[in-house]
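Down below is the structure, laid out as C-alpha cells.
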DNA sequence: TTGTAGGCGTTATCAA
DNA sequence: TTGATAACGCCTACAA
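Residue numbers (my numbering), protein chains in the order written: chain A, -5 to 348; chain B, -5 to 348.
This is the structure we're talking about:
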C-alpha cells in the first residue's frame, strides 16, 4: 500500500475515493456504497468508512459522478434576467414542488448573449438532467434547436406569439394580448382618451409586442384615435423593465407637454418609475394622471398609491409548470398547453375622469 | 469503422468526441484541438471537423472536460437568498468585471439548509474553480471548513461580528454597527424619542444583530431610555426581510397602541411594508410617523414618500470584491479587508418633531 | 457483504 | 501536424 502517496495527496487536498478506500482498508466499491447509501453494506463498515471520510474531509467529485451516472434526479430552471422580481415567487414554488418530488434543482442564469436552448443542451449532457423549465425568454430562433433537447421541458411565462410555432411543446403562460386589452379597456371605460403607453422597443420580444397590440386594439374598440406620440419606448441604453427606465421615459413624456391623462406601463416596475417622475413634476397620481401597470408584483400593492395592475397568477403557474414537467417525465402526457387567466386589480393609482 | 454504431448513437443524441473523430476521419486528439482552439492544427482540418460537429449537433460533455482539466477560468458567486434585490446591482458588476478578465462565472444559489462553504468546496472540485465570492450569508460555524477551501475567496457584504474571526481571510463590507448608529442618531437628532425598530430575531444572523446594537447605542448616547416593547422582531414564519414581513410587524405595532413617533427598519423592504401598514391605519408618513430604512435599494428612492435610508455603495463594493479576488488569484496579496463607508440619505419619509 | 476491473467522455503526453 | 493511449474520479457489473 502506497501510504506516502496517500499522505501527499491529503496535503494538496485532492483526496479520491481510492485514498479513502486505502485509508479505511476496504475496496472502493465499499466506499461508494457508503457514500450513496446502498443497502448491501455492513452498517459497521459503513460507519467506519464515513468516519474516515469525515476525518479526512473527503468530498466526492461531482463531475466524475455525473460522467458516470446515466440519469440524475435533477431539474434545471433556466432564467434569463434572473434579477427580475417577477420570477421570485415562482422560484420559491419551484423549490418546494421539486423537493416534494424528491428531486433537486439548479437555478441557471442565462445571460443576454446566450441562447437558452444551447445552454440547456449543454446542461443536459453535463448534469444528466431529467427535465428543464425555461422561464421567460424568447424562442424566436430556437425552434430548430429545441428539437435536439432530449429531455422533457416546459416553457413558462413566455410570449404567446410563439405559441403557434410551439404547438408540439408544453407551455404555461397568460394571454398577454387579451390581458393587456383588458387593462386598456378598463382605462378607456374610466373616460381616459389620451392614454400613453410605455412598452418594449425590441420587436422580437413578443411579450412587449403583445401587450402593445392589446393596447392598440382596445383603443380602436373604444373609437379612440391611436396617437403615435403617446407610444413611449423603453430606453435601450438603460436596463429594460427597470424603474429607472420607466422614470426616464415618463420624464420625457411630461417634458414633451403632450396632453394625456393616463399612463399604461407594460410592467409594474415601469409604472412605479412613471409615478416617481409624475411626483417630481409636482403632479399627483391618480388626481392628475392615472397610472397602470402589469404583472402584479408585490411592490405594486405596497406602493403608494397602490398600482392598478394585471396580476398574473404566478404561484399557480409555477405549480402547473412543475406538474406538467413531471407528467412529461413520467410519460403521462405528450405535451400540454395551459393559458392562465390573469386578474385586473383595480387599486388606487387609477381614477375615473367623470 | 463501426459506422452503424455511430449512426445509432446519433439517433439517441449521445454523440461523443470519438464519433466525431470517426465521422470526420481523424483522431480524437485532432477533434479536441479543433474544439479548444489549439494552435497546432491545420486550419483546413479544423474547419472540416467543425463542420462535422455542426452538422451532427455535437456538444462536448462538460463533466468530462471538468474531470480532465486541471483548472478552468471560472469564478463562482455563491448567494444565499438569491432573490434579494440588494444583490442585483452587485451581480451586474460581477458579470462585467469578470468578463473583463476573460473569465466566466456561475451564479450559485445556496438555500437555507445548506452550508455555503460545503457547497463551495464541492463546486471547486466539480468545476475546477479559480475563485469564489460569498455574497451575504453567515459564517458562524464554517471557520473550520473555510480552511479546506483550496482556492482564493472573498466574503462580500457579510456581518462584521465575524470579522475578528476572519482576520486571515479577505472581505468587503460596511460597518453595520456604526451605520446603524448613524441612522438612529439622526432620528434622535430630529427629536424622536420613541423609536421602534424592526429587526432580525435570529441571533446568529449578525447583520441584524449589529444594526440592532447600533440602535441601542445611539439611544443610550442620546439619553433615551431603551424600551423593549419598541423592539419588533421579523416574523419567522414569513419570508425574512420581505415587505410583507415589515407590513405585518408594523400592523401589530400600531394595533398595540404603543406610543412611538418613528420606525427604524433594518432593511428598506421592511420599511416599505411599514409604510403600507401606516397608510392602511389612516396615518401619514412622515407627518404621523417617520420611517427609516437601511440598504439604499433603488426602491427606496422610487417609493412615495422616498425612504430615508443608509445607502451601501454596492457597486463599488462589488468592484472591490472582484479586484481583491483577482489579486488573490494572481498572488499579489495574501488577504485584504475593506470596510466601505455607507451614506445616510435623508429623504422624505422622516421629519423633525420640533 | 465485499472487491476487481472496465468504462463514462475528455484532455494531455508522447511518439510518429 | 497528427494520433494512440493513459489518466481524470467515480460507479457498477460481475465475481468471490
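Glycine included, C-beta positions come from ideal geometry on N, C-alpha and C.
Taking 7 Å as the limit between beta carbons, can you name the residues of its chain near residue i, skipping five residues before and five after?
i	result
residue 163 of chain A	140, 149 and 329
residue 146 of chain A	125, 319, 322 and 323
residue 52 of chain A	9 and 14
In the DSSP output, what is residue i paired with across the bridge?
i	result
residue 165 of chain B	B:149 and B:331
residue 57 of chain B	According to DSSP, residue 57 of chain B bridges with nothing at all.
residue 129 of chain A	A:73 and A:150
residue 266 of chain A	Bridge partners of residue 266 of chain A: none, in fact.
residue 226 of chain B	B:192
residue 231 of chain A	DSSP lists no partner for residue 231 of chain A.
residue 289 of chain A	A:305
residue 68 of chain A	A:98
Around the Cβ of residue i, are there at least 16 other Cβ atoms within 10 angstroms (buried) or fewer (exposed)?
i	result
residue 220 of chain B	exposed
residue 343 of chain B	buried
residue 301 of chain A	buried
residue 47 of chain A	buried
residue 85 of chain A	buried
residue 215 of chain B	exposed
residue 64 of chain B	exposed
residue 158 of chain B	exposed
residue 135 of chain B	exposed
residue 110 of chain B	buried
residue 120 of chain B	buried
Does any C-beta atom of chain B lie closer than 9 Å to the C-beta of residue i?
i	result
residue 261 of chain A	no
residue 239 of chain A	no
residue 163 of chain A	no
residue 250 of chain A	no
residue 293 of chain A	yes
residue 0 of chain A	Reliability fails at residue 0 of chain A, whose pLDDT of 44 lies under 50, so the model's placement of it is uncertain and the value that follows must be treated cautiously. False, the Cβ-Cβ gap to chain B never drops below 9 Å.
residue 121 of chain A	yes
residue 32 of chain A	no
residue 116 of chain A	yes
residue 306 of chain A	no
residue 101 of chain A	yes
Measuring only between beta-carbons, confirm whether residue i sits less than 9 Å from chain A.
i	result
residue 112 of chain B	yes
residue 284 of chain B	no
residue 329 of chain B	no
residue 270 of chain B	yes
residue 88 of chain B	no
residue 54 of chain B	yes
residue 273 of chain B	yes
residue 196 of chain B	no
residue 58 of chain B	yes
residue 140 of chain B	no
Just curious, the beta strand (DSSP E) that residue i is in, first and last residue?
i	result
residue 305 of chain A	303 to 305
residue 103 of chain B	98 to 104
residue 259 of chain B	256 to 259
residue 284 of chain B	284 to 286
residue 337 of chain B	337 to 339
Within a Cβ cutoff of 8 Å, which residues of the same chain sit near residue i, ignoring the five residues on either side of it in sequence?
i	result
residue 15 of chain B	21, 22, 24 and 25
residue 290 of chain A	262, 303, 304, 305, 306, 308, 336, 337 and 339
residue 35 of chain A	24, 27 and 28
residue 341 of chain A	294, 295, 299, 300, 301, 302 and 303
residue 129 of chain B	71, 72, 73, 74, 81, 84, 150 and 151
residue 334 of chain A	166, 167, 168, 306, 307, 310, 311 and 314
Please list, in chain order, all residues of the same chain as residue i whose beta carbon is under 6 Å from its beta carbon, the five residues on each side excluded.
i	result
residue 269 of chain B	279 and 285
residue -3 of chain A	With a pLDDT of 42 at residue -3 of chain A, under the threshold of 50, the modelled position of this residue cannot be trusted, and the question is left open.
residue 189 of chain A	181, 256 and 258
residue 43 of chain A	18, 25 and 28
residue 98 of chain B	68
Which residue marks the beginning of the alpha helix (DSSP H) containing residue i, and which one marks its end?
i	result
residue 25 of chain A	22 to 29
residue 118 of chain A	110 to 121
residue 140 of chain B	137 to 140
residue 18 of chain A	11 to 18
residue 246 of chain B	237 to 249
residue 41 of chain B	37 to 50
residue 212 of chain A	200 to 215
residue 158 of chain A	Taken as a continuous stretch (DSSP letters only), residue 158 of chain A belongs to no alpha helix (DSSP H), as it is neither H nor E.
residue 95 of chain A	Run containing residue 95 of chain A: none; DSSP gives neither H nor E here.
residue 175 of chain B	170 to 183
Does the beta-carbon of residue i, which I'm using as the reference point, lie nearer than 8 Å to any heavy atom of the ligand MN?
i	result
residue 197 of chain A	This structure does not include the ligand MN; it has no bound ligands of any sort.
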